[in-house]
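Here's the structure we're looking at; comments come further down.
Protein chains: 2
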Amino acid sequence: MADPLVDSALIDQITRRVVARLREEQAGPPANGKLVPVNVSVRHVHLCQEHVEILYGPGFTLEERNELYQPGQFASKQVLTLVGPRMRCLGEVRVLGPLRKSTQVEVSKTDAIYLGIDPPVKPSGEHEGSAGLILVGPVGVVHLQRGVILANRHIHLSAQSAQKWGIADNQIVKVRIATHKKTVFEDAQCRVHPSFLDEMHLDTDDGNACGLRGGEKAEVID
Amino acid sequence: MADPLVDSALIDQITRRVVARLREEQAGPPANGKLVPVNVSVRHVHLCQEHVEILYGPGFTLEERNELYQPGQFASKQVLTLVGPRMRCLGEVRVLGPLRKSTQVEVSKTDAIYLGIDPPVKPSGEHEGSAGLILVGPVGVVHLQRGVILANRHIHLSAQSAQKWGIADNQIVKVRIATHKKTVFEDAQCRVHPSFLDEMHLDTDDGNACGLRGGEKAEVID
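One line per chain: the protein sequences are U and A, in this order. For what it's worth, our numbering labels the leading residue of the first sequence as 1, then goes sequentially. For what it's worth, our numbering labels the leading residue of the second sequence as 1001, then goes sequentially.
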């Protein structure tokens, strides 16, 4: 016959396991969660008109290869080579369009260590204290004095989502990515603009740290 | 004379700000926090006796260059070159000692993408489903069929800290690193052993994602 003490312990254990499983399920992304697609930005370059002409020749115009997810942005057919102060290089670095007022190079910290530079984490367009680098194109070379940054963690938000979720332009939020290497990225900057589609951008360090493979969503948790 | 309504609103605002500031201060790492030094493991190789002799010659013994933080572990003077299926290579990869029963190569996801392999995230020593790679030494070459992994996030814990904090061997915890790129790494495995010193190990993707520069501490938060 069954020992009542053992039965009680068993029931207790089963109850605790069921409760734990139910809690786990509840802990998943809620149906109403603030979810945005998350994509990785591999190292790339934005060029100004002057530098396009130095690198690719007078009067040269970037040729569109494919559109990017954010309306109006595109990957061009043009690539260039980055050379750092240790004379190490990274080749086939994609140039994105359209042109910018100032040239900006976005690399990961891993790239920066390899190249031998120490750029700060900055929002796009903020070049105060940024690093330099040599850009080599098929026609000419630019000794860039500043404009190399580690792009900050940021989220492009449509005006609609921003309003629905009560998030203001430039607000800093925490984001959780529930991959096989679950990670919470704090310090993520929200950028709200009517032309934006909801999309989080991570550099390759952040993207590889949480093991993104494509198609994941980030959840704004705070 | 002061408007009593304005005064009341002012007092209310000041009170809310003081409370918010106090909460902020309380939210910092508590004096009693579960803090462990965090270090980055750059790509490296552990070799078995058979592979040492193939790569460096019959009867060869690893030469110690410097001790590592964990007692008994050392970086050897030996390096080798990793070659992937795309014929891309990573050179000067450090061999760590002492010898292991099976050869194990630990790379980051960034390294793996570059080399063209897709190793799983695994605890050290678990090679089921791991990837292969070509190891090139000064004397010979090993066509490694398995043993290449992305090392999981893990914490070496002294028996003392484990007991004090109520953490069991192999327990999975969340860890927060409060750098300029604040990040919470979930899925961190605790390894408890009397010979261990408290130390979290991250690969270069995780380490660069949270912008480690050296000397930081990780806080076990859950």
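By construction, the Cβ of each residue, glycine as well, lies at the ideal position given by its N, Cα and C atoms.
Pick from the options: whose alpha carbon is nearest that of residue i?
i: Leu35(U); options: His193(U), Ser195(U), Arg213(U) and Lys174(U); result: Lys174(U)
i: Arg176(U); options: Asp169(U), Gly72(U) and Ala188(U); result: Ala188(U)
i: Ala151(U); options: Val107(U), Ala131(U) and Pro71(U); result: Val107(U)
i: Tyr1056(A); options: Glu1128(A), Glu1199(A), Lys1077(A) and Met1200(A); result: Lys1077(A)
i: Val1194(A); options: Gln1160(A), Gly1084(A), Asp1205(A) and His1046(A); result: At residue 1194(A) the sequence reads Pro, which differs from the Val that was named. For Pro1194(A), the nearest C-alpha among the options comes from Gln1160(A).
i: Glu1219(A); options: Val1042(A), Thr1179(A) and Ser1041(A); result: Thr1179(A)
i: Val52(U); options: Gly140(U), Gln163(U), Asp198(U) and Leu212(U); result: Gly140(U)
i: Gly97(U); options: Trp165(U), His154(U), Cys210(U) and Val45(U); result: Val45(U)
i: Gly211(U); options: Asn1066(A), Pro1037(A), Thr1110(A) and Cys1089(A); result: Thr1110(A)
i: Val1093(A); options: Leu1144(A), Arg1065(A) and Leu1135(A); result: Leu1135(A)
i: Leu202(U); options: Glu1050(A), Asp1206(A) and Cys1048(A); result: Asp1206(A)
Kindly indicate which three-state DSSP category residue i falls into: helix, strand or coil?
i: Lys217(U); result: strand
i: Glu1050(A); result: helix
i: Thr15(U); result: helix
i: Gln1160(A); result: helix
i: Asp205(U); result: helix
i: Thr110(U); result: helix
i: Leu68(U); result: coil
i: Leu115(U); result: helix
i: Leu212(U); result: coil
i: Leu1099(A); result: coil
i: Glu24(U); result: Only weak support is given to the placement of Glu24(U): the predicted model assigns it a pLDDT of 49, under 50, and the value that follows is read from those uncertain coordinates. Residue state, collapsed to three classes: helix.
i: Leu35(U); result: strand
i: Leu1055(A); result: helix
i: Ala1002(A); result: Note that Ala1002(A) scores 49 on pLDDT, short of 50, meaning its location in the model is unreliable; the coordinates nonetheless yield the value given after this. Of the three classes helix, strand and coil, the one that applies to Ala1002(A) here is coil, per DSSP.
i: Pro1194(A); result: coil
With 16 other CB atoms within 10 Å as the buried threshold, where does residue i fall?
i: Glu63(U); result: exposed
i: Gly1091(A); result: exposed
i: Asn1039(A); result: buried
i: Asp1118(A); result: exposed
i: Ile1221(A); result: exposed
i: Met87(U); result: exposed
i: Ser130(U); result: buried
i: Thr204(U); result: buried
i: Glu1186(A); result: buried
i: Glu1024(A); result: Note that Glu1024(A) has pLDDT 49, beneath the 50 cutoff, so the model's placement of it is unreliable and the number below is only indicative. With fewer than 16 other Cβ atoms within 10 Å, it is exposed.
i: Gln104(U); result: buried
i: Ile1172(A); result: exposed
i: Pro137(U); result: In the sequence on display, residue 137(U) carries Gly and not Pro. The residue is buried, with at least 16 neighbouring Cβ atoms inside 10 Å.
i: Ala1168(A); result: exposed
i: Thr1183(A); result: buried
i: Lys101(U); result: exposed
i: Val18(U); result: exposed
If the cut is a Cβ gap below 7 Å, which residues of chain A does residue i touch?
i: Asn170(U); result: Under the 7 Å cutoff, chain A gives no residues; its nearest Cβ is about 17 Å from Asn170(U).
Taking residue i as the query, report the chain A residues whose CB atoms sit under 8 Å from its CB, ordered along the chain.
i: Ser108(U); result: Thr1110 and Asn1208
i: Lys217(U); result: Ordered by position in chain A, no residue passes the 8 Å Cβ test against Lys217(U), which lies about 16 Å from the chain.
Which residue or residues does DSSP assign as beta-bridge partners of residue i?
i: Thr1081(A); result: Val1136(A)
i: Ser41(U); result: Asp203(U)
i: Arg1153(A); result: None; Arg1153(A) has no bridge partner.
i: Arg88(U); result: Note: Arg88(U) sits in no beta bridge, so no partner.
i: Arg1094(A); result: His1044(A) and Val1079(A)
i: Gln1189(A); result: His1154(A) and Ile1172(A)
i: His1143(A); result: Ile1134(A)
i: Lys1122(A); result: Ala1151(A)
i: Ile177(U); result: Thr183(U)
i: Phe1074(A); result: Glu1067(A) and Gly1097(A)
Please list, in chain order, the chain U residues whose beta carbon lies closer than 8 Å to that of residue i.
i: His1180(A); result: Val121 and Asp187
List, in chain order, every chain A residue whose beta-carbon is nearer than 9 Å to that of residue i.
i: Thr183(U); result: Thr1183, Val1184, Phe1185, Glu1186, Asp1187, Asp1206 and Ala1209
Is residue i near the ligand ADP, in the sense that its beta carbon is under 7 Å from a heavy atom of that ligand?
i: Gln189(U); result: Absence of the ligand ADP from the depicted structure is noted, as is the absence of any ligand whatsoever, leaving it without description.
Tell me, please, whether the CB atom of residue i is closer than 8 Å to any CB atom in chain B?
i: Leu1144(A); result: Going by chain labels, chain B is absent from the structure shown, which instead holds the protein chains U and A.
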